[in-house]
Amino acid sequence: MKTSNIQGYCAIGIYNGKTDHNIGTLWRSAYILGAAYIFTVGKRYKKQTSDVTRTWARIPYFHYDTLEDLCNNIPYDCCLTAIELTEGAEFLHDFEHPKRAIYLLGSEDQGLPDSVLEKCRKVIKLPGNSSLNVAVTGSIVLHDRAAKLKLELPPNHR
Numbered sequence: 001m002k003t004s005n006i007q008g009y010c011a012i013g014i015y016n017g018k019t020d021h022n023i024g025t026l027w028r029s030a031y032i033l034g035a036a037y038i039f040t041v042g043k044r045y046k047k048q049t050s051d052v053t054r055t056w057a058r059i060p061y062f063h064y065d066t067l068e069d070l071c072n073n074i075p076y077d078c079c080l081t082a083i084e085l086t087e088g089a090e091f092l093h094d095f096e097h098p099k100r101a102i103y104l105l106g107s108e109d110q111g112l113p114d115s116v117l118e119k120c121r122k123v124i125k126l127p128g129n130s131s132l133n134v135a136v137t138g139s140i141v142l143h144d145r146a147a148k149l150k151l152e153l154p155p156n157h158r
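Numbering-wise, the UniProt record's numbering puts 87 at position 87 of the sequence shown, and it's gapless, one number per residue.
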């Protein structure tokens, strides 16, 4: 990922994702908005016929069976950052993105359990009093990162 004023990277993933469609949509957003890779924890992704951009050929996908597995494989000096609508979380509009970040989302119906939040160095939330679709939330966070860090994103390929 090329940047104009910082070096760094990010990845984004879903903990116990509810539907493969959400993972596929997030994967496409991750590619377009400059993430280095995507991942799932607890539930594997199954390839979709709707993936017309062949995102799987453009950025890697990793699967971790457990949160411990994810934590044992986080790149050096990466900040595990939860995205969760919870008391005490920092609003995204006030958040300063780390140079190297791993963003972790929960499913819309269950979110991230406290045991997962405790492992995260930062917790951020979007405004509102109910959860958005997980792919939409992840896309908003990645766009916010790209805008605030003034990332030069690669041109989209079809």
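Using N, Cα and C, we set each Cβ at its ideal position, and we do this for glycine too.
Assuming residue 22 contacts residue 110 (C-beta within less than 8 Å), just tell me the rounded distance between them.
On the sequence shown, residue 22 is found 22 positions in, with the first residue counted as 1. On the sequence shown, residue 110 is found 110 positions in, with the first residue counted as 1. That belief does not hold up - the Cβ atoms of residue 22 and residue 110 are roughly 13 Å apart, past 8 Å.
With a 10 Å radius around its C-beta and 16 neighbouring C-beta atoms as the bar for buried, classify residue 152 as buried or exposed.
Residue 152 sits at position 152 when you count from the first residue of the sequence shown. Residue 152 comes out exposed.
What separation, rounded to the nearest whole angstrom, lies between the Cα atoms of residue 12 and residue 84?
Here the question's residue 12 lines up with position 12 in the sequence shown. Here the question's residue 84 lines up with position 84 in the sequence shown. Approximately 13 Å, taken between the alpha carbons.
Residue 40, DSSP secondary structure in three states:
Locating residue 40 in the sequence shown gives position 40, counting from the first residue. Of the three classes helix, strand and coil, the one that applies to residue 40 here is strand, per DSSP.
Taking only the alpha-carbon atoms, compute the straight-line gap between residue 10 and residue 33 and give it to the nearest angstrom.
If you number the sequence shown from 1, residue 10 lands on position 10. If you number the sequence shown from 1, residue 33 lands on position 33. Taking the straight line joining both Cα atoms gives about 10 Å.
Cα-Cα separation, residue 29 to residue 122:
Taking the first residue of the sequence shown as position 1, residue 29 is located at position 29. Taking the first residue of the sequence shown as position 1, residue 122 is located at position 122. Cα to Cα, residue 29 sits roughly 22 Å from residue 122.
Determine the closest residue to residue 104 out of 87, 150, 147, 64, with distance taken between C-alpha atoms.
What you label residue 104 is simply residue 104 of the sequence shown in a count that begins at 1. The shortest Cα separation from residue 104 among 87, 150, 147, 64 belongs to 64.
Which one of 95, 143, 31, 102 has the shortest CA to CA distance from residue 72?
For the purposes of this step, residue 72 is taken as the residue at position 72 of the sequence shown. Nearest option by C-alpha distance: 102.
The alpha helix (DSSP H) that contains residue 71, what's its start and end?
Within the sequence shown, numbered from 1, the residue matching residue 71 stands at position 71. Run containing residue 71: 67-72, per the alpha helix (DSSP H) assignment.
Rounded to whole angstroms, what's the CA-CA distance from residue 137 to residue 91? Just pull it up for me.
Within the sequence shown, residue 137 is the residue found at index 137, counting from 1. Within the sequence shown, residue 91 is the residue found at index 91, counting from 1. Cα to Cα, the separation comes out at about 13 Å.
Hey, how far is the Cα of residue 97 from the Cα of residue 19?
By 1-based counting over the sequence shown, the position of residue 97 is 97. By 1-based counting over the sequence shown, the position of residue 19 is 19. Going by the C-alpha atoms only, they are around 27 Å apart.
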